[in-house]
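Residue 21 is where the sequence shown starts when you use our numbering, and the numbers rise one by one after that. Here a beta-carbon is modelled for each residue, glycine too, at the ideal position from N, C-alpha and C.
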Amino acid sequence: MDSIPLVHNKNIVLGVCGGIAAYKVADLASKLTQAGAQVDVILTESATKFVGPVTFAAVTGRSALTTDDLWRHDQHVPHVQLGEKADLLIIAPATANTLAKLAHGQADNLLTVTALAARCPIMVVPAMDGGMWSNAATQANVSILRERGFHFVGPALGRMASGLIGEGRMVEPSEILGFARVVLGAKGPLAGRKIVVSAGGTHEAIDPVRFIGNRSSGKQGFAIAQAAIDRGAEVTLIVGAVTLPTPYGAQRIDVESAQPMCEAVVAACREADALIMAAAVADFQAAHLADHKIKKTRDTVEFEVHLTRTPDILQAVKEQKESIGKPQITIGFAAETQNLIDHALAKLHAKGLDLIVANDVSATDAGFAVDTNRVTFIGAGGGVEPLALMSKAQVAERVLDRLIKLLG
Ligand code: PMT
């Protein structure tokens with residue numbers, strides 16, 4: 021996993037309680053560490069029955085703490101130090117017992133005493149048997165904690181350790197990490213801003229089994245959506261024909277072809293501050309959609325499909341912006357195989373963009389489907405900024421930096 025700028029150098033305290041899901045939290049500790057965070061793990065006594073401190077120390081590179089550390093004579097008030105320096109406290113799995121202690125201010129172990137001392141956001145990831153979760157006492161404790169601003173994620177529906185199916189499973193570490201990004205980014209420079217991002221390629225059907233498509237994987241657009249969430253934005257992600265997992269916190273709208281993508285983008289932009297159009301939208305669609313699979317015969321050697329233009333989405337957004345002023349900022353991409361700057365400039369002006377991200381898609385390490393990209397920014401004022409080859413996540417960071425400047 022790449023370092024995540026939002027998480028890099030953040031102090032994250034990870035409290036682990038006694039539940040079978042504790043073993044999965046070692047993966048979360050590893051993911052947070054790989055993302056660049058300094059992760060201090062605190063285990064309750066019952067957590068150590070499921071997984072030991074050595075496991076967490078191995079994945080975080082720091083000693084994992086237990087309640088014994090509260091009583092060490094060579095450390096001064098460790099809980100206050102941990103609580104005060106933390107940027108985020110995550111409690112996973114959070115048991116019914118620990119939820120009850122947190123709700124009532126009980127502080128009888130290093131984790132609960134640190135939670136009382138903490139000044140940072142607290143994320144709670146419950147995991148327990150379904151009956152314990154739905155119990156009125158647990159639900160009352162959850163309500164108290166929600167009212168006090170604790171951030172809950174889960175529990176999920178599924179098979180629990182008891183063999184029962186119900187609500188009580190801990191959500192997966194990747195989802196916890198996604199939610200942590202939402203919580204850490206909540207006060208970022210795009211807090212309160214609505215950003216629409218399009219990603220992936222469109223499929224234009226010819227008959228019930230065939231389509232005209234392109235090689236877009238959605239990686240660049242999804243990275244942009246994640247970078248916007250990391251900065252606190254409310255993100256609508258309009259996705260054409262790809263199956264990547266949704267960045268936590270994004271509102272995802274799946275579409276198949278250019279026409280519904282156009283309708284979804286224009287509608288979302290009515291309320292939006294900015295649109296970033298990274299999707300590879302087909303320029304042409306079949307003039308007539310065959311009702312049944314087109315059959316070949318022994319004599320068929322040539323086959324013609326009559327094509328017409330798809331709607332130009334950025335053109336429709338430009339017209340909407342001229343009439344209602346929304347979105348304030350529009351950023352487009354240009355995928356080119358020759359005369360990159362000239363073609364991108366022409367699109368920038370024709371589509372009334374504030375910025376175009378020109379993409380030389382003829383290179384094997386940039387453009388469609390790969391994890392890296394090499395782009396050139398061209399602003400409405402004509403400024404040209406070529407960027408080096410970098411990961412799509414890094415390109416996304418740079419696009420968002422430009423967007424923040426454009427929004428002022
Ligand atoms: O998804 P990945 O595999 O990560 O690849 C990323 C990418 C190469 C798809 C992406 O970086 C990129 O370059 N996206 C734009 C691709 C494209 O369609 O470019 P274009 O030059 O054909 O279109 C110019 C702009 O007009 C684009 O912002 C496009 O979204 C938009 N457009 C295109 C056609 C259309 N009918 N309506 C549009 O609004």
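Residue burial classification, residue i (beta-carbon count within 10 angstroms, cutoff 16)
i	result
I344	exposed
Q335	exposed
L48	buried
M458	Only positions 21 to 428 of the chain appear in the structure, and residue 458 is not among them; the question remains open.
D22	exposed
F323	exposed
L130	buried
L184	exposed
D250	buried
R201	buried
L109	buried
K315	exposed
H326	exposed
S236	buried
Three-state secondary structure assigned by DSSP to residue i
i	result
E322	coil
T256	strand
K7	Here the chain comprises residues numbered 21 to 428, so residue 7 is not present and cannot be evaluated.
S343	helix
M410	strand
D311	coil
S163	helix
S182	coil
G205	helix
A383	coil
L34	strand
A42	helix
I24	coil
H93	coil
E187	strand
K316	coil
L108	strand
H171	strand
S237	coil
E224	strand
D88	helix
D60	strand
L177	strand
T328	strand
F70	helix
F388	coil
V286	helix
Q358	coil
V262	coil
Q305	strand
Nearest-angstrom beta carbon gap, residue j and residue i [assumed within contact, 8 Å]
i	j	result
A298	S218	6 Å
A278	V301	5 Å
K214	E254	5 Å
G38	K69	6 Å
L85	I111	Not confirmed; about 14 Å, so no contact.
Of the residues the options, the one placed nearest residue i, counting alpha carbons only
i	options	result
T158	R139, L119, V173	L119
E414	F242, K425, Q58	Looking at the sequence shown, residue 414 is not Glu but Gln. For the residues F242, K425, Q58, the minimum Cα distance to Q414 belongs to F242.
W153	R189, V133, D128, H171	R189
K121	L177, T132, R318, R251	T132
V419	A310, D362, L295	L295
A176	I273, G81, A41, K239	A41
G450	V377, R394, K315, K412	Nothing in the structure corresponds to residue 450, since the chain is present only between 21 and 428.
T357	V97, P146, A400, N379	N379
R394	A106, L409, M143	L409
A400	I424, K412, L407, D374	D374
H223	D293, L309, A181, L165	L309
V36	R179, H93, V145	V145
E339	K316, A370, R329	A370
D457	T266, E342, E65, A306	Residue numbering for the chain in the displayed model covers 21 to 428; residue 457 lies beyond these limits and cannot be assessed.
S182	R168, L197, P193, G151	G151
P331	I351, R179, A306	A306
V27	T256, R139, S50	S50
T392	G238, A160, V285, L360	G238
G352	V337, Y43, R329	V337
R166	I142, R179, G186	I142
D385	N359, K412, A366, I361	K412
D303	L90, L52, L204, G221	G221
Beta-ladder partner(s) of residue i, from DSSP
i	result
P146	A114
Q271	T256
D421	Beta-bridge pairing links D421 to no other residue.
H99	H99 pairs with nothing; no bridge assigned.
G352	M297, I376
G399	L375
E405	F397
V216	T256, L295
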